[in-house]
Amino acid sequence: MLDRKPVQSWLTDMDGVLVHEGQPVPGAPEFVKKLRTSGKPFLVLTNNSIYTPRDLRARLGRMGLDVPEEAIWSSALATAQFLADQRPGGTAYVIGEAGLTTALHAVGYVLSDFAPDYVVLGETRTYSFEAITKAIRLINDGARFICTNPDATGPSMEGALPAAGSVAAMISKATGVDPYFVGKPNPMMMRSALNTIDAHSESTAMIGDRMDTDILCGLEAGLETILVLTGISSRAEAERYPYRPSRIVDSVADLIDEI
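Residue numbers (my numbering): 6 to 264.
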């Protein structure tokens, strides 16, 4: 790998990196504490658009991870920022939860099912056939189609759950319109995170557990990429991809001394 500038800012995925199946990854609380005391800018990233940063801070706090609200960056926030840049003060029909609707309200969007500028699809545990039908008809009538993230499934204690990417595929099949995905692996998610903490790609590292989202996204945004083996991708699986992370470590515990 080419020599890079020393890491001055850190971006890290949440699920599979800091927490796994509702429990903190060993070493993660110490890793987060070191980030906070170092004074270096950092963000915890998640493609999950269900929760607000305040919600996520509380959930992480119950697992012993003290992450400030302002250090959490979700696909919902990235989507809201993207729409505010594209069409300020617009309107949207939203399928999603409080994380997404709150973020859109915060940037001045009006939520409406009357000729909206956008149909915005996010994560929810209660996808409604009625809401999906409404989305299809609005897109057919000319609304632009946005999806917070392309993840086909999400984790749960009982097993995989259908996620926004799967529902987006159904809507696309019915309308012939593909959505614009804002979340990982779109480097837009990474660029918006960098801008949020005023960081530069050449001195920022992205830590993730998935080759197809975290590592790809970090790579395309020009960051150093670090794959941890506490989540989805294994060392053997990483070798099968046409691109590679900057390095592979067992867990974030191996990075504490570098902060």
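We put the beta carbon where it would ideally sit given N, CA and C, even for glycine.
Determine the extent of the alpha helix (DSSP H) in which residue i is found, giving its start and end residues.
i	result
E135	134-145
G170	169-180
L109	103-111
R9	Neither: R9 is in no alpha helix (DSSP H) and is coded neither H nor E.
T201	192-201
E225	221-225
E207	Here E207 belongs to no alpha helix (DSSP H), and DSSP marks it neither H nor E.
D240	With the sequence shown as reference, residue 240 is identified as Arg, and Asp is not the correct amino acid for it. Element bounds for R240: 240-243.
Please say whether residue j and residue i have beta carbons closer to each other than 8 angstroms?
i	j	result
M265	I151	The shown model of the chain, from 6 to 264, leaves out residue 265, and the question about it has no answer.
T129	E102	yes
A243	P250	yes
D122	R149	yes
T57	T107	yes
E229	R9	yes
Q13	K38	no
I141	A168	no
V125	A97	yes
G236	D255	no
T158	G127	no
L65	V72	yes
R59	E74	yes
A89	V112	yes
V182	V22	no
Per DSSP, which one or two residues make a beta bridge with residue i?
i	result
F87	BP columns for F87 are empty, so no partner.
T158	P167
I212	T17, I231
H25	Q28
Y98	V124
V187	Paired residue(s): none; V187 is not in a bridge.
T51	S79
L70	DSSP output for L70 lists no bridge partner at all.
L116	A97
Considering residue i, what are the terminal residues of the beta strand (DSSP E) in which it resides?
i	result
T79	According to the sequence provided, residue 79 is Ser. The question's Thr does not apply to it. Taken as a continuous stretch (DSSP letters only), the beta strand (DSSP E) holding S79 covers 77-79.
F36	Element bounds for F36: not the beta strand (DSSP E) but the alpha helix (DSSP H), 33-43.
R252	252-254
R149	149-152
Taking residue i as the reference, which of the options has the closest Cα?
i	options	result
I253	I261, R245, S239	S239
H110	L65, G94, F47	G94
Y185	V72, E26, S43, F87	F87
G69	S43, Q91, L232, P29	P29
S197	T96, A226, S177, D146	A226
G223	L234, V233, M195, P155	M195
L199	P155, G147, F47, T42	F47
I261	N145, A120, T42, G27	T42
With a threshold of 7 angstroms, establish whether the CB of residue i neighbours any heavy atom of the ligand ADP.
i	result
L260	Looking for the ligand ADP in the displayed structure turns up nothing, as the structure carries no ligands at all.
Flag this pair as touching only if the region 200-217 and the region 98-118 have three or more C-beta atom pairs under 8 angstroms; answer yes or no. no
Touching or not, the region 210-222 and the region 6-24, by the rule of three or more beta carbon pairs under 8 angstroms? yes
Assess, as a yes-or-no matter, whether the region 50-60 is touched by the region 77-93 under the definition of 3 or more beta carbon pairs within less than 8 angstroms. yes
For the 8 angstroms Cβ check, are there 3 or more pairs between the region 217-231 and the region 183-198? yes
Is it the case that the region 29-47 contacts the region 164-172, given that we only count it when at least three CB pairs across the two stretches are under 8 angstroms? no
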